[in-house]
Every structure is written in structure tokens, then in C-alpha cells.
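Undergrad: Protein sequence lines correspond, in order, to chains A and B.
The first sequence: position 43 = 50 (this note's numbering), numbered continuously.
The second sequence: position 404 = 394 (this note's numbering), numbered continuously.
No residue lacks a Cβ here, since even glycine has one placed at the ideal position from N, Cα and C.
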Amino acid sequence: MTGENSPSPPSQDRRALITFAWLWVGLPLAYGLYELVRKATQLFTG
Amino acid sequence: MSPPVAPPGWSRWLVPPAALSVHLSIGQAYAWSVFKPPLESALDLSGTQSALPFQLGIVMLGLSAAFGGTLVERRGPRWAMTVALICFSSGFLLSALGAATEQYWLIVFGYGFVGGIGLGIGYISPVSTLIKWFPDRPGMATGIAIMGFGGGALIASPWSAQMLESFGSDNVGIAYAFLVHGLTYAVFMLLGVLLVRVPRSARPVAGAPAALSGPQVSARSAVRTPQFWLLWIVLTMNVTAGIGILEKAAPMITDFFADTSAPVSATAAAGFVALLSAANMAGRIGWSTTSDLIGRKNIYRVYLGVGALMYALIALLGDSSKPLFVLCALVILSFYGGGFATVPAYLKDLFGTYEVGAIHGRLLTAWSTAGVLGPLIVNWVADRQEEAGRHGASLYGVSLIIMIGLLVVGFVANELVRPVDPRHHVPGTDTPKEAADDRREQPESA
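(1) Closer than 9 Å between beta carbons: that is the criterion. Which residues of the region 237 to 262 of chain B meet it against chain D?
(2) Check whether the Cβ atoms of B/Ala258 and A/Leu43 sit closer than 8 Å, and answer yes or no.
(3) For the region 124 to 147 of chain B, enumerate the residues whose C-beta is nearer than 7 Å to any C-beta of chain A, in chain order.
(4) Within 8 Å (strictly less), CB to CB, does A/Ala47 reach chain B?
(5) Are the C-beta of B/Ile16 and some C-beta of chain A separated by less than 8 Å?
(6) When the distance is taken between beta carbons, is B/Ile164 closer than 8 Å to B/Leu29?
(7) If you check the beta carbons only, do B/Leu173 and B/Tyr94 fall under 8 Å apart?
(8) Using a beta-carbon distance below 8 Å, is A/Ala28 in contact with chain B?
(9) Our contact map puts B/Pro6 next to B/Leu120 with C-beta atoms below 8 Å; I'd like the distance itself, whole angstroms only.
(10) Against chain B, with Cβ distances strictly below 8 Å, would A/Glu11 count as a contact?
(11) By the 8 Å beta-carbon criterion, what residues does the region 10 to 44 of chain B contribute toward chain A?
(12) Determine the extent of the alpha helix (DSSP H) in which B/Tyr344 is found, giving its start and end residues.
(13) Going by DSSP, what residue range makes up the alpha helix (DSSP H) through B/Thr91?
(14) Would you mind sorting B/Asp339 into buried or exposed? The rule is 16 or more other CB atoms within 10 Å of its CB.
(15) Just curious, the alpha helix (DSSP H) that B/Glu237 is in, first and last residue?
(16) Within the chosen definition, does the region 265 to 284 of chain B reach the region 393 to 405 of chain B through at least 3 CB pairs nearer than 8 Å?
(17) Taking B/Leu366 as the reference, give the member of B/Glu237, B/Ala252, B/Phe330, B/Gly105 with the closest Cα.
(18) Compare the C-alpha of B/Asp160 against each of B/Pro(-6), B/Ala90, B/Gln152 and name the closest.
(19) Mapping DSSP to helix, strand and coil, what is B/His450?
(20) At the level of alpha carbons, what is the spacing between B/Val207 and B/Arg64?
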């Protein structure tokens, strides 16, 4: 996770921002995947 | 608006969520079908009319990506994401007004034309930036973003349906649903606008190749090379073959097993379609990441060669085994998604990062072509076979053979791809030929 733009490990603030950003996109995606799995299981049960 | 340069200490892992916030939003386009039945009953429209906003949106996606790509490269990702946010959200707001006043043309113009520009600019907005931040793993980086486009429909489909259930399916309910979509997507995409940064240097990661290393080709020159058009053929063939399954997935699995002891119900067929969406999404991130290890040319050999083999298995043995049919279809759909997600990295390998976003935008015309070609072939052939009195699996025999043929054409086109002739390079970016060749042949570090 480091590079010339971040030669040292990310600070606490930046880690919090990274976590927040991934949760921002990850939670709706998890909801979409959950609904998808629910529907997909119909192939085996329907 | 000048491209936002990352401050010291900025993490490149903030760029994929920025890209995802845009792609997860604009991917809503593939969930448009949720609005079709309520629009048809509320505004007395035919099925063809209610599909117009989506169709115009996809046309505008291709056109704005093709013609706006150079501007996106020049103005940078934040400008592009801002334009995408404004257009995509305004499209919904105009549609809300159209639904509230029962002016359908406003929905077509708003969602299709204005929103469609947002789709095209949004789709290409993070590509070039991601490749510059992840020169060591360009396939993985663009795979994450383009997976988001597939994921957008997964989120929007149940979300929009629930909203219509709450607000009602009359024109006022639809207007409220459009309004909430417009406002929510504006807030959601704002994260991308605020977070996206371009790297401070050409080598954002120690030990990784520099983003601008090797020959660079401008978008104007790229479209004059055979490599661009060979990749255009590769993408068109791969996407057409994928759409061949996607377009007829539910009736196909039902027809294949109609005469067997275990026919497929409508509910199970819907489950099969959902499973294909999952394979499509998984292929985008999985295969694109794999391409960083085995090389772009090799991964397209797999998509096209193994894809043809999967189609052949369905044609020869598909109706004898349900698990085999499902497995082959899943593999084909994962290759379909992988083909979309890997192509920006393939373009980067051939043309460099100089204007890769703009070149990618121009290549997306292949998507528009395949979007017309795929459904046309499959539906036309199926109709002719039905007229000829065929039924069950034999309805699809000719279509499957055509798809195999298309994949073989794509495979040959991929084999013909060679490094770009130095006369197309931007002056001063040439490297010794051997070094460039070595770089292409060696798998990049993970």
C-alpha cells in the first residue's frame, strides 16, 4: 500500500479514510450480492 | 479544473473505491428493465417505447466515450467524474419531471441522452488514472472498476423494485423513485469526485515499472494502427458471443431440458440468469487480475479458445447434462466479463498510458456494435429455427455454431496482434526494441 506517494505506512487518519471509502462502496455491493445469491439459489430449489 | 495531484502520503488504495463509486452508480443502466412495466402501464407505452431511454443511453455511452475520451485525458479524472455525476443525476431529475408531468419524451431525453453522456464519460473516467497508479497490476486495477459496472445493476435492480413498491407504480410514484435515484447517486458518486487523485510521479510505487515507460501512442495515431482494429475485432467477437448466451439465457435453459425427465421451471431459469450475472462479475475481477500474471495475449487466447470449446460442448452434449450446461454457460459469461475488464490493460501494453483512456473510449464502439449484433443473430436464428418446426435444444444449434465461428475469428485477430510500429510512437518515448519486447513477454510482478 505504499509507494513514492506514500513512502511511509499510511497514517491513522488515512487508514480511517481508506476504511470509510471501501465501506462506502462495499456495503451497497454486499447488498447487491446478497440479493443475487438469494435469486441464484432458485436454480437449485425452484 | 486541473487534474488533482495526490499529496505526499496519499494511498493508491483510495483510487479503486473512487472508481467504484462511479461505476457502481452508472451500472444502474442494466437495471432499467425494472422501470419498464410501471412506465408502460402508467404512461400507456409499448414495450419498444419503454426500452427507448435505455437504448438511447447505451448509444450515448458509446458516442460520448468515443468522442469525449481525449477531453477526459486532458482535463483529468475529477473533471470527468464531475461531468458524469452531473449528467447521470440530472438525467434522473429530468426523468422525474417527465414522469410527474406525463411527458415521456422528457424521460427519453433525460435518462437516455443526458444520462447517457454520464454513462460514457463515467465509464472511462477512472481507467487511465487506475493504470497510472497500478502500473504493476493494471489488469487488477481496471478489473475492480469494471466489475463495478456489473455490480451496479445488482444493487439497483432490487433497490429500484423496492422503491417502486413503496412509492407506487403510477406516474407520481415513478417520479418520486427517479428523484430519489438522482439525489442518491449524486451523493454516492461525490466520493469519487472528492477522492480521485493522479499520482505525483510517473513511478507511484517503488519497484514497479514507471507509468510512462516504453513507447507511447496518441489516441489519434492509435486508431490508424492495425493493432487497434484487431483488438476491436477481438472485443466485438468476445462480447457478441457472451451476449449470445445472456440474451436468451432463460428460454435457452428451459428449451434445452424441456423434453428431459428434469425440465427447468421459470423460477429456476431466473436463478440461472442471476448465476450468470455473478459469473460475469467474477470474471471481470478474476480473469483481469490473472492477466497481470500470464499476459494479456494469453488471457485472450483463453477467453476466445476455451470459450469456443465451451460453446462446442453445449452444442454437442449440453442437453444430456444440466450441470455441464450450467458450467459451460458460467465459464462463457466469466470470459465475457473478463474481456471487458482486461482490454484497458491490453491497450496500455500496446499503446502506453499516454492517452489510454481516450483509446479505450474509442474501442468501446466495439461494445455498441456487439450490443446490436449479438441479440440480432441469436433472435433471428431462433425465430427461423422455430418457423422450420424445430424445438428444444435444436432451436439453438445454428446460433451456437455461429458463436463458435465468431470466437475463432476473434482468436485469429488476437494472434495477429504485434507490437505497434515505432512510426506511430509519440516522439521521444521510444525504448530499445528488445527491452520493449521483453517487457511484453514477461509476466508483470504481482
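TA: Looking at the coordinates:
(1) In the displayed structure, chain D is absent; the protein chains listed are A and B.
(2) Along the second sequence, one-based indexing puts residue 258 of chain B at 268. Along the first sequence, one-based indexing puts residue 43 of chain A at 36. Result no, Cβ atoms of B/Ala258 and A/Leu43 do not sit closer than 8 Å.
(3) Gly141, Leu144, Ile145
(4) Looking up residue 47 of chain A in the first sequence gives position 40. It does; some Cβ of chain B falls within 8 Å.
(5) Your numbering for residue 16 of chain B matches position 26 in the second sequence. No, because no Cβ of chain A sits closer than 8 Å to the Cβ of B/Ile16.
(6) Residue 29 of chain B sits at position 39 when you count from the first residue of the second sequence. Residue 164 of chain B sits at position 174 when you count from the first residue of the second sequence. Yes; because the gap between Cβ atoms is below 8 Å, this pair is in contact.
(7) Position 183 of the second sequence holds residue 173 of chain B. Position 104 of the second sequence holds residue 94 of chain B. Cβ distance not < 8 Å, so B/Leu173 and B/Tyr94 don't count as in contact.
(8) Numbered from 1 along the first sequence, position 21 holds the residue referred to as residue 28 of chain A. Yes - at least one Cβ of chain B is within 8 Å of the one on A/Ala28.
(9) The residue given as residue 6 of chain B occupies position 16 in the second sequence. The residue given as residue 120 of chain B occupies position 130 in the second sequence. Indeed, because the Cβ distance is near 7 Å, the residues count as touching under 8 Å.
(10) Here residue 11 of chain A refers to the residue found at position 4 of the first sequence. Confidence in A/Glu11 is poor, its pLDDT being 47 and thus under 50, which makes the residue's placement unreliable; the coordinate value appears in the next sentence. True, the Cβ-Cβ gap to chain B drops below 8 Å.
(11) Leu10, Ser11, Leu14
(12) Your numbering for residue 344 of chain B matches position 354 in the second sequence. Element bounds for B/Tyr344: n/a, residue is neither H nor E.
(13) Numbered from its first residue, the second sequence carries residue 91 of chain B at position 101. First-last for B/Thr91: undefined, no H or E at that position.
(14) Residue 339 of chain B sits at position 349 when you count from the first residue of the second sequence. Looking at its Cβ environment, which holds 16 or more other Cβ atoms inside 10 Å, B/Asp339 is buried.
(15) Residue numbering aside, residue 237 of chain B sits at position 247 when the second sequence is read from its first letter. No alpha helix (DSSP H) holds B/Glu237; DSSP gives it neither H nor E.
(16) no
(17) Within the second sequence, residue 366 of chain B is the residue found at index 376, counting from 1. Of B/Glu237, B/Ala252, B/Phe330, B/Gly105, the residue nearest in Cα terms is B/Glu237.
(18) Taking the first residue of the second sequence as position 1, residue 160 of chain B is located at position 170. Nearest option by C-alpha distance: B/Ala90.
(19) No answer is possible for residue 450 of chain B: it lies beyond the span of chain B, which begins at -9 and ends at 436.
(20) Translated into positions along the second sequence, residue 207 of chain B becomes position 217. Translated into positions along the second sequence, residue 64 of chain B becomes position 74. Between B/Val207 and B/Arg64, the C-alpha separation is close to 15 Å.
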